[in-house]
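Chemist: All residue numbers for the first sequence refer to my numbering, where the first residue is 5 and numbers rise by one.
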Amino acid sequence: MPELPEVETVRRGLVPAMEGRRIEAVRLARPDLRFPFPDGFARCLTGARVTRLDRRAKYLLARLDTGQTLLMHLGMSGRFSISAGADAGARPGAFVYAPPADPRHDHVVFEIEDGIEVTYNDPRRFGFMTVFATAGEDDQPFLKSLGPEPDSNRFSGPYLSEAFAGRRSPVKAGLLDQSVVAGLGNIYVCEALWRARISPRRLCASVAGARAERLAAAVRAVIAEAITAGGSTLRDYAGADGAMGYFQHSFDVYGREGQPCACGKTRIRRILQANRSSFYCPVCQR
DNA sequence: CTTGGGTCCTGTGCGC
DNA sequence: TGCGCACAGGACCCAA
């Protein structure tokens, strides 16, 4: 489900419910999501206070006052919802209920102080959670090989040129590679390539110089705009506060096969690359 | 090392 | 209406 803008939207929705508060209990409805929960998962979270809720790439990172970090990934269909119990009167109206989700797929419930419940629902169970020592973050398997965030100073045209040098895979695959740039998924790769007027089939190695500069700028812009819009809402995605993102109304190519490109010269085409859909304009993008 | 393909899982929407 | 198939926002893992 979520790419960087959606995860960032979820993070912002969870901050008021979790940051600064203690986790009183963790209820697991099953022993695993995509992977088994690590031994003692619920036990080591119980009683911990969330000092800060961060995001890296598509990962949510809850910093705990125990020196550990709770890592959460939403996979394809993961979502959080927040409910405030009757004794959360300290902040009436501060939390709203997310749209209904099938309770059969409520896999994790965090009981937070002040009567707040944060529920993780994930029909496909591609998501996962784990806990690691914050001090060892540089060695954390899920985080250690991530590339720069799109909005960081490290991410630039020259950086992309170097990262793509010698790569024979299509640029579509290059941008999906989380070690090149962190947080992009199928939607925003398609959109960024359209904005940069680069075909998804072009080989990475030929994206350099001015092309790489255009592409880096397009990635930065599309991610920033999508975050401002609260992400994209497809099917059932919603932010943790129940609000729907609206960036999907700004798609230029994604999901628009057969519809006219903004250039007016032809229609958007869909091809399969590595068994995933790529949407692009064969006239605009070369 | 890079690259491509299969895999996990459930739900939805389409054509027949 | 029912059924089967294609497809879905991710990313690990392994073979070549």
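For each residue, glycine too, the CB sits at the ideal point set by N, CA and C.
Quantities reported herein were computed from a predicted structural model and do not represent experimental measurements.
Please list the terminal residues of the continuous beta strand (DSSP E) segment that includes Y63.
Modeler: For the purposes of this step, residue 63 is taken as the residue at position 59 of the first sequence. Y63 -> beta strand (DSSP E) spans 63-68.
Chemist: Inspect the beta-carbon positions of H111 and Y124 and report whether they are closer than 7 Å.
Modeler: By 1-based counting over the first sequence, the position of residue 111 is 107. By 1-based counting over the first sequence, the position of residue 124 is 120. Contact: yes.
Chemist: What is the DSSP secondary structure of P162, counted as helix, strand or coil?
Modeler: Along the first sequence, one-based indexing puts residue 162 at 158. Looking at P162 - three-state DSSP - the assignment turns out to be helix.
Chemist: Check whether the Cβ atoms of F130 and R38 lie closer than 7 Å to each other.
Modeler: Your numbering for residue 130 matches position 126 in the first sequence. Your numbering for residue 38 matches position 34 in the first sequence. Yes.
Chemist: In angstroms with no decimal places, state the Cα-to-Cα distance between P96 and I120.
Modeler: Position 92 of the first sequence, counting from 1, holds the residue named residue 96. Position 116 of the first sequence, counting from 1, holds the residue named residue 120. Any answer about P96 is weak, because its pLDDT of 36 lies below 50 and its placement is not dependable; what the coordinates show is given next. C-alpha separation (whole angstroms): 12 Å.
Chemist: For E166, count neighbouring C-beta atoms within 10 Å of its own C-beta (all shown protein chains included) and say buried if the count is 16 or more, exposed if not.
Modeler: Mapped onto the first sequence, residue 166 falls at position 162. So E166 ends up on the exposed side.
Chemist: Answer yes or no: do R192 and E7 have a C-beta to C-beta separation smaller than 7 Å?
Modeler: Here residue 192 is taken as the residue at index 188 of the first sequence, counted from 1. Here residue 7 is taken as the residue at index 3 of the first sequence, counted from 1. Note that residue 192 corresponds to Tyr in the displayed sequence, not to Arg. Yes, they are a contact pair.
Chemist: Do the segment 196-208 and the segment 138-147 touch if we need at least three Cβ pairs shorter than 8 Å?
Modeler: Contact between the segment 196-208 and the segment 138-147 is absent, because fewer than three Cβ pairs lie under 8 Å.
Chemist: What is the C-beta distance between R201 and I116, in whole angstroms, given that I count them as a contact (C-beta under 8 Å)?
Modeler: Sequence index remark: in the first sequence, residue 201 carries index 197 (1-based). Sequence index remark: in the first sequence, residue 116 carries index 112 (1-based). About 47 Å separates the two Cβ atoms, so there is no contact after all.
Chemist: For the beta strand (DSSP E) that contains F283, what are its first and last residues?
Modeler: By 1-based counting over the first sequence, the position of residue 283 is 279. Counting along the chain, the beta strand (DSSP E) containing F283 begins and ends at 280-284.
Chemist: Using CA atoms only, rank isn't needed, just tell me which of P127, G187, A220, E141 is closest to F168.
Modeler: Position 164 of the first sequence, counting from 1, holds the residue named residue 168. Closest by alpha carbon: A220.
Chemist: When you compare only the Cα positions, how much space is there between C208 and Q182?
Modeler: Here residue 208 refers to the residue found at position 204 when the first sequence is read from its first residue. Here residue 182 refers to the residue found at position 178 when the first sequence is read from its first residue. Going by the C-alpha atoms only, they are around 15 Å apart.
Chemist: Do V122 and F132 come within 7 Å of each other at the CB atom, strictly closer than that value?
Modeler: As a working mapping, residue 132 is identified with position 128 in the first sequence. As a working mapping, residue 122 is identified with position 118 in the first sequence. Contact flag unset, no.
Chemist: Pull up the distance between the alpha-carbon of N157 and that of R224, whole angstroms please.
Modeler: Translated into the one-based positions of the first sequence, residue 157 becomes position 153. Translated into the one-based positions of the first sequence, residue 224 becomes position 220. Approximately 11 Å between the Cα atoms of the pair.
Chemist: Going by beta carbon distance, what residues of the same chain come within less than 8 Å of V287, once the five residues before and after it are set aside?
Modeler: The sequence position of residue 287 within the first sequence is 283, counting from 1. Result list for V287: C265, C267, K269, T270, in chain order.
Chemist: If you run the structure through DSSP and keep just helix, strand and coil, what is Y124?
Modeler: Along the first sequence, read from residue 1 onward, the residue named residue 124 stands at position 120. Strand.
Chemist: Report yes if the CB atom of V135 is closer than 7 Å to the CB atom of L74, and no otherwise.
Modeler: The count along the first sequence starts at 1 and reaches residue 135 at position 131. The count along the first sequence starts at 1 and reaches residue 74 at position 70. Yes, Cβ-Cβ distance for V135 and L74 is below 7 Å.
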